[in-house]
Amino acid sequence: MRSYAIYVAKRVLQFALVVFVGISITFLITHLTPIDPVEHAVAQVSTFGFSSPESIELLRQSLKELYGVGDNLWEEYLIFWRRLAMLDFGPSLSAFPTPVSELIGRAIPWTIGLLTVSTVLSWFIGNILGGLAGYYSRNRILRILGMIMMGLHPVPYYIVAFVLLIVFTFLLPILPSSGGYEMNLATGWTPQFVGSVLLHSILPSLSLILVGVGSWFMGMRALVSNIVTDDYVTYAALAGVPEKRLVTSYVMRNAFLPQITGLAMSIGAIFNGAVITEQVFGYPGIGRLLVEAVHAADYSLVLGITSIAIIAVSAAVFIIDIIYPLIDPRVQVSQ
Amino acid sequence: MIAVLRDLFRYNGEFAIGCVIMAIILGIAAASFFSPYEPIDSYLVALDAPPSLEYVFGTNSRGQDIFWQLTFAIRNTLAFGFIVALISRILSLVIGLISGYVGGIVDRILMSINDTFIVIPLFPLLVLLYFVLRDDMTWFVLALVMAGLGWAYDARLIRSVMISLRTREFTNTSVFSGMSMPRIVTQEHLPYVLPIVFSTFMNNMNWSIGLEVTLAVLGFTDVDTPTIGGMIFWANQHSAMVSGVWWWYFFPTLFVTLTFIGLFLLAISMNEYIDPRSRLDRMGNS
Chain P
4 MRSYAIYVAK RVLQFALVVF VGISITFLIT HLTPIDPVEH AVAQVSTFGF SSPESIELLR
64 QSLKELYGVG DNLWEEYLIF WRRLAMLDFG PSLSAFPTPV SELIGRAIPW TIGLLTVSTV
124 LSWFIGNILG GLAGYYSRNR ILRILGMIMM GLHPVPYYIV AFVLLIVFTF LLPILPSSGG
184 YEMNLATGWT PQFVGSVLLH SILPSLSLIL VGVGSWFMGM RALVSNIVTD DYVTYAALAG
244 VPEKRLVTSY VMRNAFLPQI TGLAMSIGAI FNGAVITEQV FGYPGIGRLL VEAVHAADYS
304 LVLGITSIAI IAVSAAVFII DIIYPLIDPR VQVSQ
Chain G
4 MIAVLRDLFR YNGEFAIGCV IMAIILGIAA ASFFSPYEPI DSYLVALDAP PSLEYVFGTN
64 SRGQDIFWQL TFAIRNTLAF GFIVALISRI LSLVIGLISG YVGGIVDRIL MSINDTFIVI
124 PLFPLLVLLY FVLRDDMTWF VLALVMAGLG WAYDARLIRS VMISLRTREF TNTSVFSGMS
184 MPRIVTQEHL PYVLPIVFST FMNNMNWSIG LEVTLAVLGF TDVDTPTIGG MIFWANQHSA
244 MVSGVWWWYF FPTLFVTLTF IGLFLLAISM NEYIDPRSRL DRMGNS
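Sequence order for the protein chains is P and G.
Okay, so the first sequence: first residue is 4 according to my numbering, each after it adds one.
Okay, so the second sequence: first residue is 4 according to my numbering, each after it adds one.
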C-alpha cells in the first residue's frame, strides 16, 4: 500500500509538470510573439461592419484586462495562472456576454462522451482481434484483417471522416450528416433524445474507431507473437492447459499491460483526431467550438479551450496511470 | 547494403509495394519542375472541366489544372514532412542518446520533460499559434514548431534501445579492450540505432503531414502555398461537393492517402530489417 502511495505521488508530480509546461507554452505563444493579440482581435472585430470608436475602446480595455496587464512579463504570467485557477476566462467575444467557461462547459460533455466511447471500443476491438491474429498467425481471415488494418492505420482522421461523410450521407443517405442531435428535439433524458444522440454519434465515433483500431491491432499482434514463443507459454501448453485458457489468461493478459501504457501515451493524439472529426460532422463538442472561435477571432475562447484541453488530456493520462498498478500487480513492487 | 535492399525487395512485400508507391509519388512531385503554370496563378484554363485527355485530373473552379496543381502540392507536402522529420530526428537522437547513456538523474529529468511533451495535445497549441500569428505563420514556421514539439515519442524509443545496448556483452568487451566511449557509440551502437531512426523518420513524416493536412483543411495554415490540405481547403471554399466537382476532392485525397500508405509500409519494413528473425521467418516461408 505504501509503495502505491509513492507511485501515486510521483504521478501527481508528473501531472503537475505536464500542466505547468503546457500552460506555460500557451502563455509564451500568446505573449512572446511579435504580434499583439489584443490589437489583432480588435482589428478583426472592427472589420465586421461599423463600430463606434467608443465601443472599440471599450473592447480594447476588456481584452487587455483579460490578456493580463502587468508591469512586466512575470506579473502577467502570475495573473494568467490566477485566472486559470478560477476557470475565469472572461466573456466570450463572439457570443457576448456568455462567459467562456459556460460555453466550454456546454461543449465538453460531447467531446468526453465521443472520445471515451470510441477510444474504449477501438482499444478493446483492436487488442482482442490483434491478440487473436498474433496467436493464430496462420489464420487466413485474420491475415486479411491485418492487411486491412495496416492500410487503414496510416490514413489521417480527416480523410476517413470525410470519406464516411460522403458515403453515408451523400451516396447512401441513411445517417444524419451533422449535429449532435436532431434540431427540434427537447434536450433531456427522453428515449427520443437519447436515440437521436446515439444516431448522430455513429459516424463520428465510427471514423475515430476505424483509424484508432489499427495501431492497437498491430501493436497487440506483435506483442502476442513474441509472448507465444516464451518458455512459460510452451510449458503451460505442454502441461495441458486448455487452449482457451492459454490464450486469455497466459498470453493476452500479459500483452494487455503494455497496451494500457500505450493508451496513456496516445490520448493526446486521439484528442487531436477528435477535434477534426467533430469539425467534419458538425458535432457540438470542444473541437468545433475551437475552430469556430478561431474563425470568429474570439481570443478569450481560443485561450480558454486550449488551456482546458491541456488540463483535460493530462488528467485523462493521469487517471490511466493511477489505475494501471491495480491491473498490473508487478508495478507496485518495482516502483 | 545493396544485398539487404535486394532481399527486402524480394522477400518483403510491404517494402516492395511501399517503394513502388513512393516512386510514383516522388515522380509526380518531380513533375512539378516541368509545370507549364505557376502554382499560384488562377483562371488559366476552362473552369470545372472533368478529367479528360486534355486535363488528366480535370480542372477546378479557380481555373487551375488539378494535375499540375497536385504536383506542386505533393512536392510541398513531402518537403514539409521531410523538414519536420529531419529536425525532430536530430532532437530525438541527441536526447535519446544522452538519456540512455548518462542515466541517473539526467535521464530522469530528460524523461520527465519527454513524457510531458508526449502528453500535451499539440493540436490546440498549433491552432493557438495560428490564431496569434495569422498571416505570419508561414509554411516554414509551422515546420519548425512541429519539429520542436514532435520529437518526444521517438526519443523514448531511442533511449530504451540505448539502454539495452549499453548492457550488452559486446559493449563491455569494447570498453575493456580500451575503445573510447565516443568511438563505441558511433561505430558499435549507431548501426543498431540508425534503422530505428529511419523507421521513425517515415512515421514522423506521416504524423507531420497528417497534422499539416488537418490544419490546412481548416484554413489554419498559409493556404496560398499549394499543399494537399490546401487543395482540399479550396475545394471546400468553393463547395465543390455541392457543385459536383468531385475530382477536386478525389485526386488530392487519393494521393495523400497513397503517400501515407507508402511511407507507412516503408517504416514497417524497416522495422523488419531491425529484427532479422522475422526476415528469416519470411524467407523460410516463401
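Glycine residues also receive a C-beta, built at the ideal position from the N, C-alpha and C atoms.
All figures in this text were calculated on a predicted structure; none of them were measured in a lab.
- request: Report whether the distance from the Cβ of residue 239 of chain G to the nearest heavy atom of the ligand SAM is below 6 Å.
  value: The ligand SAM is not among the ligands present in this structure, which contains no ligands whatsoever.
query: Checking contacts by CB at 7 Å: is residue 117 of chain P closer than that to chain G?
result: Mapped onto the first sequence, residue 117 of chain P falls at position 114. For residue 117 of chain P, the answer is no, since every Cβ of chain G falls outside 7 Å of its Cβ.
Within-7 Å CB hit, residue 23 of chain G to chain P: Mapped onto the second sequence, residue 23 of chain G falls at position 20. Not closer than 7 Å to any Cβ of chain P, the Cβ of residue 23 of chain G fails to qualify, so no.
query: Can you pull the DSSP bridge partners for residue 91 of chain P?
result: For the purposes of this step, residue 91 of chain P is taken as residue 88 along the first sequence, with counting starting at 1. Residue 91 of chain P pairs with nothing; no bridge assigned.
message: Suppose only complete runs of 3+ residues qualify. What are the beta strand (DSSP E) ranges in the stretch 152-202 of chain G, listed by chain order?
response: Entirely contained in the stretch 152-202 of chain G, not one beta strand (DSSP E) run reaches 3 residues.
message: If contacts are defined as beta-carbon pairs under 8 Å, then residue 254 of chain P and residue 138 of chain P qualify, I think. What distance do you get, rounded to the angstrom?
response: By 1-based counting over the first sequence, the position of residue 254 of chain P is 251. By 1-based counting over the first sequence, the position of residue 138 of chain P is 135. Right, their Cβ atoms sit about 6 Å apart.
query: Taking Cβ to Cβ, would you say residue 2 of chain P is nearer than 7 Å to residue 124 of chain P?
result: Here chain P has residues from 4 to 338 only, and residue 2 of chain P is not among them.
query: On the three-state DSSP scale, how would you describe residue 54 of chain G?
result: Along the second sequence, one-based indexing puts residue 54 of chain G at 51. Reduced to three states, the DSSP call for residue 54 of chain G is coil.
message: Using a Cβ-Cβ distance cut-off of 7 Å, determine whether residue 338 of chain P contacts chain G.
response: Within the first sequence, numbered from 1, the residue matching residue 338 of chain P stands at position 335. Confidence at residue 338 of chain P is low in this model, with a pLDDT of 42, below 50, so its placement is unreliable and the value that follows should be read with caution. Residue 338 of chain P does not count as touching chain G.
task: Out of P:115, P:279, P:308 and P:45, state which residue places its alpha-carbon closest to the alpha-carbon of residue 64 of chain P.
output: In the first sequence, the residue the question calls residue 64 of chain P occupies position 61. Among P:115, P:279, P:308 and P:45, the Cα nearest to that of residue 64 of chain P belongs to P:45.
- request: Kindly indicate which three-state DSSP category residue 290 of chain G falls into: helix, strand or coil?
  value: Residue 290 of chain G cannot be examined here, being either before or after the span of chain G that is shown, 4 to 289.
- prompt: Closer than 7 Å, Cβ to any Cβ of chain G: which residues of the stretch 267-288 of chain P, in chain order?
  reply: 268, 271, 274, 275, 278, 279 and 282
- request: For residue 260 of chain G, decide whether its Cβ has a neighbour in chain P, counting only Cβ atoms nearer than 7 Å.
  value: Position 257 of the second sequence, counted from the start, is the residue given in the question as residue 260 of chain G. Judged by the 7 Å Cβ criterion, residue 260 of chain G is in contact with chain P.
query: Hey, out of G:269, G:220, G:83 and G:106, whose CA is closest to residue 232 of chain G's CA?
result: For the purposes of this step, residue 232 of chain G is taken as the residue at position 229 of the second sequence. For residue 232 of chain G, the nearest C-alpha among the options comes from G:220.
- request: Keeping to the same chain, check which residues put their C-beta closer than 8 Å to that of residue 101 of chain P; ignore five residues upstream and five downstream.
  value: As a first step, residue 101 of chain P must be located in the first sequence, where it is residue number 98. Here the set comprises 94 and 95.
query: Using the beta-carbon of each residue, which ones in chain P are nearer than 8 Å to residue 203 of chain G?
result: Along the second sequence, read from residue 1 onward, the residue named residue 203 of chain G stands at position 200. Result: empty, since nearest Cβ-Cβ is about 14 Å, beyond 8 Å.
- prompt: What does DSSP give as the partner residues of residue 68 of chain G in its beta bridges?
  reply: The residue labelled residue 68 of chain G in the question sits at position 65 within the second sequence. Looking at the DSSP assignment, residue 68 of chain G forms a beta bridge with G:62.
Under 7 Å by beta carbon: chain P residues contacting residue 115 of chain G: By one-based count along the second sequence, residue 115 of chain G stands at place 112. What residue 115 of chain G touches in chain P: 17 and 20.
task: At 7 Å on the CB atoms, spell out the chain G contacts of residue 293 of chain P, in chain order.
output: Numbered from its first residue, the first sequence carries residue 293 of chain P at position 290. Correct list: 127 and 130.
- prompt: Pairing CB atoms from the stretch 176-188 of chain G with CB atoms from the stretch 45-63 of chain G, are three or more of them under 8 Å?
  reply: no
query: What span of residues does the alpha helix (DSSP H) with residue 177 of chain P cover, start to end?
result: What you label residue 177 of chain P is simply residue 174 of the first sequence in a count that begins at 1. It is not in any alpha helix (DSSP H) - residue 177 of chain P carries neither H nor E in the DSSP assignment.
field: Helix, strand or coil at residue 42 of chain G [DSSP, three-state]
entry: The residue given as residue 42 of chain G occupies position 39 in the second sequence. Reduced to three states, the DSSP call for residue 42 of chain G is coil.
query: So what does DSSP say about residue 102 of chain P, is it helix, strand or coil?
result: Here residue 102 of chain P corresponds to residue number 99 of the first sequence, with the count starting at 1. If DSSP states are grouped into helix, strand and coil, residue 102 of chain P belongs with the strands.
- prompt: Is it true that the CB of residue 156 of chain P sits closer than 7 Å to the CB of residue 217 of chain P?
  reply: For this step, residue 217 of chain P is matched to residue 214 along the first sequence. For this step, residue 156 of chain P is matched to residue 153 along the first sequence. Against a cut-off of 7 Å, the Cβ pair of residue 156 of chain P and residue 217 of chain P comes out as a contact.
- prompt: In chain G, what lies closer than 8 Å to residue 317 of chain P by C-beta?
  reply: Stepping through the first sequence from its first residue, residue 317 of chain P is reached at position 314. Residues of chain G passing the Cβ test: 122 and 123.
query: Do the stretch 257-276 of chain G and the stretch 193-213 of chain G meet, that is, are 3 or more Cβ pairs less than 8 Å apart?
result: yes
- prompt: Is the stretch 11-24 of chain G touching the stretch 260-271 of chain G in the sense that three or more CB pairs, one from each, lie closer than 8 Å?
  reply: yes
Endpoints, the alpha helix (DSSP H) within which residue 236 of chain G is located: As a first step, residue 236 of chain G must be located in the second sequence, where it is residue number 233. Per DSSP, residue 236 of chain G belongs to the alpha helix (DSSP H) from 231-240.
- request: Would you mind sorting residue 321 of chain P into buried or exposed? The rule is 16 or more other CB atoms within 10 Å of its CB.
  value: Walking along the first sequence from the start, residue 321 of chain P turns up at place 318. Buried, because 16 or more other Cβ atoms sit within 10 Å of the Cβ of residue 321 of chain P.
query: Mind listing which residues of the stretch 147-170 of chain P have their C-beta closer than 8 Å to chain G's C-betas, in chain order?
result: 153, 154, 156, 157, 158, 159, 160, 161, 162, 165, 166 and 169
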